[in-house]
Each structure stands twice: as C-alpha cells, then as structure tokens.
Amino acid sequence: MAQAIQLHLNQALMRIPRRAEGADRSTLAATYVAAGSFSAMINSADHQILFGRRGTGKTHALLHLHDLAERTGDIAISLDLRTIGSTGGLYANTALSPAERGTQLLVDTLEAVHDRLFALAVDGKTADQDTLLRGLDALVAAATEVEVVGETEQEQTFGDAVEREHSAEVSVTPRGGAKAGARHRTSATASNRRKRTGVEQHRVLFGPLSRAVQTVADGVRPARLWLLLDEWSSVPLDLQPFLADLLRRSVLPVRGITVKIAAIEHRARFFVPLEEDYLGIEVGSDAASAVSLDDALVFGQSPEAAQAFFRELFGNHVRPILTSMLRTSGPGDFVDAAFHPGAFPELVRAAEGVPRDAINIAALAAQHAHGEKIALAHVRRAARDWYLRDKQSVISRDDDADRVLSLLVDEVVGRRRCRTFLLPARDRPAAIDTLCDARLLHILRRGVVDPRRPGRLYDGYAIDYGCYVSLLAGDRRPADVFAVDKAVVDLDRLGSS
Numbered sequence: 036m037a038q039a040i041q042l043h044l045n046q047a048l049m050r051i052p053r054r055a056e057g058a059d060r061s062t063l064a065a066t067y068v069a070a071g072s073f074s075a076m077i078n079s080a081d082h083q084i085l086f087g088r089r090g091t092g093k094t095h096a097l098l099h100l101h102d103l104a105e106r107t108g109d110i111a112i113s114l115d116l117r118t119i120g121s122t123g124g125l126y127a128n129t130a131l132s133p134a135e136r137g138t139q140l141l142v143d144t145l146e147a148v149h150d151r152l153f154a155l156a157v158d159g160k161t162a163d164q165d166t167l168l169r170g171l172d173a174l175v176a177a178a179t180e181v182e183v184v185g186e187t188e189q190e191q192t193f194g195d196a197v198e199r200e201h202s203a204e205v206s207v208t209p210r211g212g213a214k215a216g217a218r219h220r221t222s223a224t225a226s227n228r229r230k231r232t233g234v235e236q237h238r239v240l241f242g243p244l245s246r247a248v249q250t251v252a253d254g255v256r257p258a259r260l261w262l263l264l265d266e267w268s269s270v271p272l273d274l275q276p277f278l279a280d281l282l283r284r285s286v287l288p289v290r291g292i293t294v295k296i297a298a299i300e301h302r303a304r305f306f307v308p309l310e311e312d313y314l315g316i317e318v319g320s321d322a323a324s325a326v327s328l329d330d331a332l333v334f335g336q337s338p339e340a341a342q343a344f345f346r347e348l349f350g351n352h353v354r355p356i357l358t359s360m361l362r363t364s365g366p367g368d369f370v371d372a373a374f375h376p377g378a379f380p381e382l383v384r385a386a387e388g389v390p391r392d393a394i395n396i397a398a399l400a401a402q403h404a405h406g407e408k409i410a411l412a413h414v415r416r417a418a419r420d421w422y423l424r425d426k427q428s429v430i431s432r433d434d435d436a437d438r439v440l441s442l443l444v445d446e447v448v449g450r451r452r453c454r455t456f457l458l459p460a461r462d463r464p465a466a467i468d469t470l471c472d473a474r475l476l477h478i479l480r481r482g483v484v485d486p487r488r489p490g491r492l493y494d495g496y497a498i499d500y501g502c503y504v505s506l507l508a509g510d511r512r513p514a515d516v517f518a519v520d521k522a523v524v525d526l527d528r529l530g531s532s
C-alpha cells in the first residue's frame, strides 16, 4: 500500500506542466509562488521590463498578473510576441530594410491589441462602449496608413474616332410622293491617364496614434488597461528598438495604461542612440524600472529561503494533481513524503534557482525512483540526464561557447576543485552571456570587490550542477563558497594556453 502511494507521488511529479502557457488560469493562480518582494514590485502600476533567463517564471508571473488585474476589475491584454505577424518570415527577411520590417511589426502588434479590445467592447465588458469603439476606429485609421513609394508616370493618350453613318429612307406618301434622308457624323476623343508604379508601404503616424490610444484608455475607465508583452526576445534583435519606440511614443505617456514586458536580458535591445535623439525605450526614464527574476531567485546567501521557495512550489503544483488522482490532496507535507532526507536540498541545489529546471530534474528523478522515495543518487542522475538532454545540446552548435565552458570546467572544477569563480563586470566575452542564457552558468553575486584590485568590480558565477555532477564521489564535491583572492579567472590566459 505504501509503495502504491509512493508511486502516485512520483507520478504526480512527472505530470507537473513544464510551461506556464500549458496550464489553465485557475491552476496558474493556485500554483504561483512569489520570490521575496518580486510580486509586490511587478504589481505596481509603473511601466516595467521583467528580465529573466528561460525557465525562471516570466510567463507565469505575467499570467498571474493578468489574473490579478482582472480580479480587481481592470482589463489585461496578454500578447505572446512569438505569435504576432510573421516573425520567421517577413520580420527575418534581411532583404527588406529594418525600417520597413519594423513598421510592419508595429502594425501587426497594434492589430493584435485592437482585436482583443474589440472583442471586449462587443461583449459589453467596458464602462464606455461608444468611446472605446471610437478609439478603436481611430487606432485602425492611424495604424493602417499606406503610401506608395516609387515612381509616378504621366501618361496621355490622344485619339480621333470618326463615325460615319449613312442611311437612306424611302417612304410613300398618300399622295404618291417619296421621302429620302441621309446622316453623316464625325467624333474625336482624347484621354489623359496618370500611372503610378511602386510598392505600397505602411507608415505609422505617432501623433494620431497616441490620441487614439488615449481615447481607448478613456473608454475603459475607471478600469486600468494592462498591456503584458511576453517573449520580447523572440523578435529579431534589430527590430526590437522599433517596437520599443512605438510604445514610448504612443503608449507609455497615456494615462490609465500600464505596460509590462518580459525579456531575456542578453537577447533584448530596447535602446539605440541616434545623432540627436534615440530609438526605443530608455530604462529608468521611459520605463520606470527593470525587474530581474534572476536576481530574485539567487539563493546563494540563504539555502533555507531556496528550500522554502521550492517546497511551496512543488506543494502547490502537486496538490491539484494528487486530488484528481487520489480524490485527496495527499500527505500533509509532500516533500517529506516524496524525498529521502538530503535528496530535496540536493534537488534545490541542482536547480540553481530556475523553477523549470527544478521541475524537470524532479520529474526525471521520480522516473528513476519509480515506486520508491527519491534518493540523492536519483537526483544526481536526473541532473546529469537533464544537462545532457537539454543544456548541452544548446551550446553544441556554438563552438565559442562550448570552448569557453570547457576551459572553465577544466580550470575551476578540475584544477581548483571549486565551482564558483569571478569575471570582470565589464568587457566579458559574448560566450559568457550565451552560457548564462542556456543556464550553464549562473550569476550568484554582482559587484564583488577583489582586495588586490580595489578599482575593479567583478561578477560571481557558478558552473551549472549538471556540468560537474559526474565529478562527485560520495560526499566529495566542489566548494560553493567564494574565496575572492583565488576566484578570478583570466579567460584570455586560458584561451591562449
């Protein structure tokens, strides 16, 4: 009987949804876990950019915010930018100019916003339906201006048309007379035609567009309109400033609208300086702040906080699954029932603060354990499998990132028997950002000072658990603490050795 219950507990771990968009809204509301003060920060009415690597919970946070806004009487529009227009086609077509592709992206985004709001207006879910519909009409007009770019020809055609008509008519009168007639007609015609050749292009007029957006906001008052943009980094990098500039000029200044954007920091470009101006959004000025989930989920200074966070996360996710399986919510403390002592702290350590990695490693560990409690060996095997299955394949196509990771593993783990190291905060190679995006490196601390070089700041990193798990032997494992005077890594020296 106990083994059957344990089997159900492990199966519940394997059935946790891996992505937030795959779950229904009620499940998302019940399973959301806030890290520290992060929830209070994103609930503010300020415009914000939400940074975080893949799997840190950006989508879940935005969907939770969407649900919260609707429950308080506001209106929320969530847009997944992967589904806007034709990201893989027109937007990626480098044969077209960035301005042309960017303008089309703006039009497609505005069209998606219009469609969501129009559905709300038709359903009568707004306070001032007439004002909202008038604003939506103006939005369409401002966003669909079309001009023909190309040459114009003047074409004139002259012609003479002569029409001759000859007819003879003979009739006999009662008196025996006869009548005959003939008709002749000539006409001349001329035509003048203007011919335009070129390509039709959309253009966005920011003045009328901003006024239209303000009318839309007035139409939903007293409710606030929340525009939640997810997967910003899926937009081609050279087009992101164009979309950011649309928001800065036409949406961010509007009263009654809040914009939240979820992006991967090293794959986002919100700002491009121009000669006398700039294109895009200036963080800290146009957008009030940038919030980092990466920073919120760094638990290096408090393992207890990390375990408490993930204990709540797994409990919230598993509870509804067990209820559907067993008609009961299961044991009082799911983690204690599912894991052997020491196994769950190791799982938290292996997750490196990334919820999606924690869920996937736990599912693999449950699969290895089958009908038994999850043990330390199951977690380590699962972490290695997850690294080989998901993470290593990402950088196998990037020779530079693969080379840098190998150098770091050889130096930090192999030679120093440590998993943490320091790199200069500035001028680090692009491969480091790629490795962070792939969750193979994890930033633990920013602004670290080396006493030997007090004028330079360093960022502290940890090599992913899956990279070095094969080196673990019994209780031996690389240290997790910084020894600042010994932790600085010179990648240039490593690369030349």
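Under this note's numbering, read the sequence shown as residues 36 to 532, first letter to last. In this text, a Cβ means the ideal position worked out from N, Cα and C, and glycines have one as well. As the structure is a prediction and not an experimental result, all values here were calculated from the model.
Arg304 sits close to Leu272, with the two beta carbons spaced by under 8 Å. For Ala80, the three-state secondary structure derived from DSSP is coil. Between the alpha carbons of Val383 and Ala297 lies a distance of about 25 Å. The criterion of a C-beta distance shorter than 8 Å is satisfied by Leu328 and Thr91. In the same chain as Gly137, and ignoring 5 residues on each side of it, the C-beta atoms closer than 6 Å to its own belong to Leu274, Phe277, in chain order.
The beta carbons of Ala80 and Thr293 sit closer together than 8 Å. For Arg283, the number of other beta carbons within 10 angstroms of its own is at least 16, and it is reported as buried. Annotation for Leu260: no alpha helix (DSSP H) segment contains it, though the beta strand (DSSP E) segment containing it runs 260-265.
Around the beta carbon of Gly87, 16 or more other beta carbons lie within 10 angstroms, which makes this residue buried. Comparing C-alpha distances from Leu140 to each of Leu281, Ala393, Leu423 shows the shortest one belongs to Leu281. Your pair Ala325 and Gln83 checks out as a contact, with CB atoms roughly 7 Å apart and the cut at 8 Å. In this structure, the CA atom of Gly242 is about 22 Å from the CA atom of Arg256. Under DSSP, His477 shares a beta bridge with Ala497. In this chain, the alpha helix (DSSP H) harbouring Leu382 covers 378-386. In the structure shown, Ser132 adopts coil according to DSSP, grouped into three states. Between Ala418 and Gly501, the gap from beta carbon to beta carbon is short of 8 Å.
For the pair Val370 and Arg346, the CB atoms are nearer than the 8 Å cut-off. Going by DSSP, Asp172 is part of the alpha helix (DSSP H) stretching over 164-178. Distances from the alpha-carbon of Leu470 to those of Ile356, Ile394, Tyr496 put Tyr496 closest. Beta-carbon to beta-carbon, Val248 and Val307 are separated by about 23 Å, too far to satisfy the 8 Å threshold.
Taking one beta carbon from each stretch, the segment 403-421 and the segment 41-49 have 3 or more pairs nearer than 8 Å; the two touch. The DSSP-derived three-state label of Tyr503 is helix.
Contact check for Leu167 against Ala156 passes: the beta carbons are separated by less than 8 Å. Contact annotation: Ala173 and Thr250 have beta-carbon atoms nearer than 8 Å. Cα atoms of Trp421 and Ser320: separation of roughly 41 Å, rounded to the nearest angstrom. Per the DSSP secondary-structure output, Leu457 pairs in a beta bridge with Gly495, Val523. Within the DSSP secondary-structure output, Phe344 pairs in no beta bridge. Boundaries cannot be given for Leu423, as no alpha helix (DSSP H) includes it and DSSP labels it neither H nor E. Among the bridge pairs identified by DSSP, Ser324 is matched with Gln83.
Collapsing the DSSP output to three states places Gly449 in a helix. Cβ-Cβ separation between Asp330 and Thr94: approximately 18 Å, too far for a contact (criterion under 8 Å).
Distances from the alpha-carbon of Leu399 to those of Gly388, Ala412, Glu387 put Ala412 closest. Assignment of Gly315 by DSSP, reduced to helix, strand and coil, places it in the strand class. Beta-bridge partners assigned by DSSP to Phe306: Gly315. The criterion of a C-beta distance shorter than 8 Å is not satisfied by Arg53 and Arg424.
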